[in-house]
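Numbering (our numbering), first residue to last: 16 to 93.
Data first, discussion second: the structure below is written as structure tokens.
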């Protein structure tokens with residue numbers, strides 16, 4: 016089981032990592048990306064969902080997915 020799948024997510028944007036005890040808060044967009052990744056969706060599927068949910072361009076949504084995934088990797092979560 017990877018660390019991403021172990022994260023606990025709240026509707027308010029709080030994320031808890033039970034492996035380390037760390038918690039942090041993400042934006043509404045970040046929460047949407049995290050939920051999609053936990054569900055196993057691809058970056059492209061996630062970007063399409065962001066376009067539908069947040070009225071952003073596909074290019075911006077793709078960039079948001081890439082940037083957020085990079086941040087997760089920096090924290091050892093993806």
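No residue lacks a Cβ here, since even glycine has one placed at the ideal position from N, Cα and C.
8 angstroms Cβ cutoff met for residue i and residue j
{"i": "residue 24", "j": "residue 92", "result": "no"}
{"i": "residue 58", "j": "residue 84", "result": "yes"}
Proximal residues to residue i (C-beta, below 8 angstroms), its chain only, five neighbours per side dropped
{"i": "residue 47", "result": "61, 64, 65, 68, 69"}
{"i": "residue 38", "result": "29, 30, 31, 32"}
{"i": "residue 56", "result": "64"}
For residue i, the first and last residue of its enclosing beta strand (DSSP E)
{"i": "residue 34", "result": "Run containing residue 34: none; DSSP gives neither H nor E here."}
Range covered by the alpha helix (DSSP H) that runs through residue i
{"i": "residue 20", "result": "18-21"}
{"i": "residue 87", "result": "73-89"}
{"i": "residue 50", "result": "43-53"}
{"i": "residue 58", "result": "58-69"}
Beta-bridge pairing of residue i - partner residues as DSSP gives them
{"i": "residue 92", "result": "The partner list for residue 92 (beta bridge, DSSP) is empty, contrary to what the question assumes."}
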